[in-house]
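In full-length UniProt numbering, the protein residues as written are 1 to 91.
C-beta: ideal position from N, C-alpha, C; glycine also.
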């Protein structure tokens, strides 16, 4: 399972650990991913998605999963999220 948010495409970033002596070693900054059940009101179903905490706040801010997916760019969405978006477009 990759460490990538299914809705925003946010993934691991790299950077440096910097010690008190200013020694630099490489490290990874991982996104805060959570397994969440989101409800689609249009489709009347729940979907299990692995999304970041920031994406969960964005979904709440936009008014639910349906509103988020309609505005989301397709390049950022995972295959599962794209499938949900296409089902919404049909409904």
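What are the uninterrupted segments assigned as beta strand (DSSP E) that are 3 or more residues long and contained completely in the stretch 34 to 59, given in chain order?
Complete beta strand (DSSP E) runs here, min 3: 45 to 52.
Please identify the residue among 19, 78, 89, 17 whose C-alpha is closest to the C-alpha of residue 50.
Position 50 of the chain shown holds residue 50. Answer by Cα proximity: 78.
Hey, how far is the Cα of residue 41 from the Cα of residue 80?
Working through the chain shown from its first residue, we reach residue 41 at position 41. Working through the chain shown from its first residue, we reach residue 80 at position 80. In a straight line, the C-alpha of residue 41 is about 17 Å away from that of residue 80.
Put residue 80 into one of helix, strand or coil per three-state DSSP.
For this step, residue 80 is matched to residue 80 along the chain shown. DSSP places residue 80 in helix when its eight states are reduced to three.
Between residue 52 and residue 8, is the Cβ-Cβ spacing less than 8 Å?
Residue numbering aside, residue 52 sits at position 52 when the chain shown is read from its first letter. Residue numbering aside, residue 8 sits at position 8 when the chain shown is read from its first letter. For residue 52 and residue 8, yes; Cβs fall inside 8 Å.
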